Each structure stands twice: as structure tokens, then as C-alpha cells.
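> Those letters in the sequence shown? Residues 569 to 843, by the working numbering. C-beta: ideal position from N, C-alpha, C; glycine also. In this text, all values refer to a predicted model and were calculated from it rather than measured experimentally.
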Amino acid sequence: MMNKKLVVIGLGLLVATAWPASSASRRSPSVPNGADFEAALVRCADVMVPSPLANCGTDPLVRGEAEIKKQGDIEIAVVGAAPASTYDVVYRSLDASTELPLGTLTTNNSGNGMLKRRGFFPVGTTGAGTIVLKRDGQDQFLSGFDASNAEETQEFEAGLIRCSEVTQPASLVSCGADRLLVGKAEIEEEGEVEVTVVQAEPNQTYDVLYRSPDGSTQMLLGSLATNRAGDGRLKLPNFFLSEIGSGNIVLRRNDQDQFVTGFKVNQGGNGRRRR
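1) Inspect the beta-carbon positions of Cys-624 and Ala-607 and report whether they are closer than 8 Å.
2) Please classify Ser-665 as buried or exposed, where buried requires at least 16 other C-beta atoms within 10 Å of its C-beta.
3) With burial defined as no fewer than 16 other Cβ atoms inside 10 Å of the residue's Cβ, what is the status of Val-828: buried or exposed?
4) Which residues mark the beginning and the end of the beta strand (DSSP E) in which Ala-753 is found?
5) Any idea if Arg-595 is buried or exposed, counting beta-carbon neighbours within 10 angstroms, 16 or more meaning buried?
6) Just the C-alpha distance for Val-615 and Ser-739, rounded to the nearest angstrom, thanks.
7) Alpha carbon to alpha carbon, what distance is there between Val-833 and Ala-634?
8) So, with DSSP's three-state summary, where would you put Ala-664?
9) When DSSP labels each residue in this structure, what does Glu-723 get in the three-state scheme?
10) If I measure Cβ to Cβ from Ser-791 and keep anything under 8 Å in the same chain, skipping five residues before and after, which residues do I get?
11) Going by the beta-carbon positions, is the gap between Gly-744 and Asn-816 smaller than 8 Å?
12) Helix, strand or coil, according to DSSP, for Ala-696 in the structure here?
13) Below 8 Å on the Cβ atoms is my contact criterion, and I expect Asp-825 with Gly-727 to pass it. Report the Cβ-Cβ distance as a whole number of Å.
14) Using 8 Å as the threshold, is the C-beta distance between Ala-650 and Pro-628 below it?
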């Protein structure tokens, strides 16, 4: 569930903008009826985890949020970005080789704006990647997390999906064949990392990695061991203390990517298809 905060857009116009509820990150993975992707938007130039990024712009940003919902809806919102500007919004593959255009986001004179598209992804779509806002030929903002404010971490929360099932923005290579009923990965309040899988391979150990948006760098977060039912959890309190990061969480076993953070559309909210 998402809190609704009113953001002033232009001359007195109020737009309801979705931000993460503090309790949302404490939910266990739900039944396998789809998976949401929810993340803060962070300035490309501010990213240090797992590594600094290249081709970054200098646009300001007070706050931003990017969501792909299990109904196939897209919601992107920025506050305090460049005023009266238009951003190209793309969904970039895990190796940065492919970009899927999602639309354009135009800000008002205060630098606030929203892109909202219902039913953009059809039922059955499985995706993994990074949401990127581009302007002037440079990456300005990317989906990620911001733990630099100890009082209010801007969080990352996404479903875990099988690497071999990803089709958007591109199919992935070097995927394993491990099973998975449902999973979830979060970077939440106070920089805590929590990764949960249900009915993965039983009695196995997965390396849990945080991988950069272009796939060139990754850092080990820890190991997740499953029980005989294939269930397991990795919980790392205060892992990120003041960092700003962008990337995806990946679970590897047998030198292959098994599960990655992403979304899965299994609930058609309105039956519409993207145009």
C-alpha cells in the first residue's frame, strides 16, 4: 500500500502523489498473483553504490518515486526537478543494452511533474531493469534508494522474479533454472536490507548481490540459505547507513543469476493494453 501525499503542482493545482508507506516494507511476500516494483528516484550524479555512474546530468531533485504495478500501471513522479523541462522516461535492461520508452514527463515552473499510464504492460509481462529519466542526452534520475537522510530513507521494494522469465525490456542471458513461487527484496528504513524467497530450491545457499544499472559492478550483500521447503530470508539491519544507490538485487547460485528484482503483471486492472 502507498501513502498519498499532496504535492503542489503549479499555481494551486494539487495532484495526489504516491510515496511508500513506512509499514509497506514489513509485509511478507504475497501469494503469487504478480509483483510490484517501487523505488525512489535518485540523482545519477549522487549514486555511489555499488559504484558511481557515468554520463550523469546535473539536474536538481528534491524527491522522486517510480512504480510499475502488478496491474501493468506505471507511475513516475518528481518534485523539485528542473523547472519547465521534459524528461524521456525509459526502462533500461540489466546490462544497459536495451531501453524501452515509457513516455515523457514534463515539469511545471516548480520542477514538479508526473507520468501516469494505466495498463501499459499487458498481463503476463515479466520485467527487470532500471527506470531512468533522461534529458539533454544524459541520465538525470534513476530508480534506487537514498539512505543519506537518517530520519527518512527513500526506499526500494520489488518482487523477486525468475531470471529466465524476464521478457522486458529484454530477455536475460546466463540464467539458472531454479524454481521460485514468490520472493521479495527491500532496502528499507534505516538502511536495512531484507530478502525473502518462498519455495525456491530446497537446502541451497544463494549469493545476494546488489548490481549496478549497467551490470558492470556488483557488491555482495550476504548469503541466503533455504530450508527443506525452499524458504529463506536474509535480513541485514543498518547495512546502508548514509549511501545513495541505484541498481538491482540479484540472487545467484551455481554461477548463474537465478532471481532478480523486477515486476510481474498477473492482475489486469482494466484490460487495457499499451499504445
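Let me spell this out:
1) If you number the sequence shown from 1, residue 624 lands on position 56. If you number the sequence shown from 1, residue 607 lands on position 39. Not closer than 8 Å, so no.
2) By one-based count along the sequence shown, residue 665 stands at place 97. Classification for Ser-665: exposed.
3) Residue mapping note: residue 828 aligns to position 260 of the sequence shown, counting from 1. By the 10 Å Cβ count, Val-828 comes out buried.
4) Along the sequence shown, one-based indexing puts residue 753 at 185. Boundaries of the beta strand (DSSP E) harbouring Ala-753: 750–755, taken from the DSSP string.
5) Position 27 of the sequence shown, counted from the start, is the residue given in the question as residue 595. Because the pLDDT at Arg-595 is just 48, under 50, the model does not fix this residue reliably, and the value given afterwards should be weighed accordingly. Exposed, because fewer than 16 other Cβ atoms sit within 10 Å of the Cβ of Arg-595.
6) In the sequence shown, counting from the first residue as 1, residue 615 sits at position 47. In the sequence shown, counting from the first residue as 1, residue 739 sits at position 171. Approximately 26 Å between the Cα atoms of the pair.
7) One-based indexing of the sequence shown puts residue 634 at position 66. One-based indexing of the sequence shown puts residue 833 at position 265. CA-CA distance, Ala-634 to Val-833, rounds to 16 Å.
8) Along the sequence shown, read from residue 1 onward, the residue named residue 664 stands at position 96. For Ala-664, the three-state secondary structure derived from DSSP is coil.
9) Sequence index remark: in the sequence shown, residue 723 carries index 155 (1-based). In the three-state reduction of the DSSP assignment, Glu-723 falls in the coil class.
10) Looking up residue 791 in the sequence shown gives position 223. In the same chain as Ser-791, and ignoring 5 residues on each side of it, the C-beta atoms closer than 8 Å to its own belong to Thr-773, Tyr-774, Asp-775, Val-776, Leu-802, in chain order.
11) By 1-based counting over the sequence shown, the position of residue 744 is 176. By 1-based counting over the sequence shown, the position of residue 816 is 248. No. Outside cutoff.
12) Position 128 of the sequence shown, counted from the first residue, corresponds to residue 696. The answer is coil: DSSP assigns Ala-696 none of H, G, I, E or B.
13) Residue mapping note: residue 825 aligns to position 257 of the sequence shown, counting from 1. Residue mapping note: residue 727 aligns to position 159 of the sequence shown, counting from 1. Not a contact, Cβ separation roughly 15 Å.
14) Mapped onto the sequence shown, residue 650 falls at position 82. Mapped onto the sequence shown, residue 628 falls at position 60. Yes, the Cβ-Cβ distance between Ala-650 and Pro-628 is below 8 Å.
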